[in-house]
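Undergrad: Residue 1 is where the sequence shown starts when you use UniProt numbering, and the numbers rise one by one after that.
All residues carry an ideal CB built from backbone N, CA and C; glycine is no exception.
Before we start, here is the structure in question, set down as structure tokens.
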Amino acid sequence: AEDVAMQVEAQDAVMGQDLAVSVVLSNRGGSPRTVKLHLYLSVTFYTGVTGPVFKESKKEVVLAPGASDRVSMPVAYKEYRPHLVDQGSMLLNVSGHVKESGQVLAKQHTFRLRTPDLSLTLLGAAVVGQECEVQIVFRNPLPVTLTNVVFRLEGSGLQRPKILNVGDIGGNETVTLHQKFVPVRPGPRQLIASLDSPQLSQVHGVIQVDVAPAPRGGGVFADAGGDSHSGETIPMASRGGA
1 AEDVAMQVEA QDAVMGQDLA VSVVLSNRGG SPRTVKLHLY LSVTFYTGVT GPVFKESKKE
61 VVLAPGASDR VSMPVAYKEY RPHLVDQGSM LLNVSGHVKE SGQVLAKQHT FRLRTPDLSL
121 TLLGAAVVGQ ECEVQIVFRN PLPVTLTNVV FRLEGSGLQR PKILNVGDIG GNETVTLHQK
181 FVPVRPGPRQ LIASLDSPQL SQVHGVIQVD VAPAPRGGGV FADAGGDSHS GETIPMASRG
241 GA
């Protein structure tokens with residue numbers, strides 16, 4: 001009888017931090033059950049190809065009738081860091097069998113490491129044709145330096161795509177940028193920022209900008225500020241630790 005149920009717990013793993021993958025076993029029968037379990041973890045590429053297993057664990061669990069038990073496998077950042085790829089996706093394979101009944105257990109679970117968001121704050125009112133400023137704050141979640149960091153900033157009616165080269169950001173360091181732009185169209189707009197580096201990608205931030213019409217007699221600038229063809233090296237407004 002298949003009286004042992006297995007559930008993989010959803011992961012809320014943060015890039016740069018240690019994590020733990022967990023499986024919950026439940027004995028729904030009236031007799032004790034001994035489960036031999038094998039957990040193994042690998043990374044997955046955006047193409048769908050799975051990399052080699054870099055962490056595994058074997059456990060034997062005895063379940064009383066009606067009882068449940070959680071089996072966890074801790075994974076340190078230093079263990080998964082060398083295997084990380086651009087998407088930060090991982091695949092947990094779990095296999096096992098119940099000694100008394102011969103029941104076979106098998107599950108696969110894919111999860112992605114969560115990256116931090118960029119925090120965007122509008123400094124002042126947004127008005128068509130008038131210069132406005134946005135503040136971007138980012139905290140490096142990794143204990144290693146991010147090199148060749150590039151910010152991208154864009155927004156329809158707000159800012160042509162602009163590339164900001166900021167260089168290196170130290171491990172667990174917080175940086176703040178200020179960027180000016182000139183809205184060209186009124187109404188609700190979105191300003192979108194992203195960060196990319198060889199060590200960390202998939203970092204985004206967005207802010208809703210309600211642009212007021214130009215005051216009577218005010219001109220409208222045709223240029224939304226920023227050149228989409230060349231990168232700009234921008235100094236940090238401030239640097240601080242965690």
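Work out the CA separation of Val182 and Asp18 for me, nearest whole Å.
TA: The residue labelled residue 18 in the question sits at position 18 within the sequence shown. The residue labelled residue 182 in the question sits at position 182 within the sequence shown. Using only the alpha carbons, I get a separation of about 42 Å.
Undergrad: Among Phe111, Asp69, Val53, Pro52, which residue has its Cα nearest to the Cα of Glu60?
TA: Residue mapping note: residue 60 aligns to position 60 of the sequence shown, counting from 1. Ranking the options by Cα distance to Glu60, first place goes to Asp69.
Undergrad: Is Phe45 buried or exposed, if buried means 16 or more other CB atoms sit within 10 Å of its CB?
TA: On the sequence shown, residue 45 is found 45 positions in, with the first residue counted as 1. Result: exposed.
Undergrad: Are the region 110-122 and the region 49-59 touching by the rule of at least three beta carbon pairs closer than 8 Å?
TA: Short answer: they don't touch.
Undergrad: Here's a check: name, in chain order, each residue in its chain whose Cβ is nearer than 6 Å to the Cβ of Leu39, leaving out the five neighbours to either side.
TA: Numbered from 1 along the sequence shown, position 39 holds the residue referred to as residue 39. Answer for Leu39: Ser57, Met73, Val94, listed in chain order.
Undergrad: Kindly confirm or deny that the region 23-30 and the region 144-161 touch, where touching means at least three C-beta pairs closer than 8 Å.
TA: The region 23-30 vs the region 144-161: no contact.
Undergrad: What residues match up with Met73 in a beta bridge as DSSP calls it?
TA: For this step, residue 73 is matched to residue 73 along the sequence shown. For Met73, which the question treats as bridged, DSSP gives the partners Val21.
Undergrad: Using the beta-carbon count (16 or more within 10 Å), is Leu164 buried or exposed?
TA: For the purposes of this step, residue 164 is taken as the residue at position 164 of the sequence shown. Buried, since its Cβ has 16 or more Cβ neighbours within 10 Å.
Undergrad: Could you tell me how far apart the beta carbons of Ile16 and Pro141 are, in whole angstroms, since I believe they sit closer than 8 Å?
TA: Residue 16 sits at position 16 when you count from the first residue of the sequence shown. Residue 141 sits at position 141 when you count from the first residue of the sequence shown. Sequence inspection shows Gly at residue 16; the Ile mentioned does not correspond to that position. Going by Cβ atoms, the distance from Gly16 to Pro141 rounds to 4 Å, so yes, they are a contact pair.
Undergrad: If Ile207 sits next to Leu191, beta carbons under 8 Å apart, how far is it from one beta carbon to the other, in whole angstroms?
TA: For the purposes of this step, residue 207 is taken as residue 207 along the sequence shown, with counting starting at 1. For the purposes of this step, residue 191 is taken as residue 191 along the sequence shown, with counting starting at 1. 5 Å between Cβ atoms; contact.
Undergrad: Roughly how many angstroms lie between the CA atoms of Asp210 and Leu92, to the nearest whole one?
TA: Position 210 of the sequence shown, counting from 1, holds the residue named residue 210. Position 92 of the sequence shown, counting from 1, holds the residue named residue 92. Distance between the alpha carbons of Asp210 and Leu92: 44 Å.
Undergrad: Could you give the C-beta distance for Val134 and Gln179, rounded to a whole number, given that I count them as a contact under 8 Å?
TA: Along the sequence shown, read from residue 1 onward, the residue named residue 134 stands at position 134. Along the sequence shown, read from residue 1 onward, the residue named residue 179 stands at position 179. The pair is a contact, with the Cβ atoms about 6 Å apart (cut-off 8 Å).
Undergrad: Looking at C-alpha atoms only, which residue of Asp12, Val14, Leu63 is the closest neighbour of Leu37?
TA: Counted from its first residue, the sequence shown places residue 37 at position 37. The candidate whose alpha carbon is nearest that of Leu37 is Leu63.
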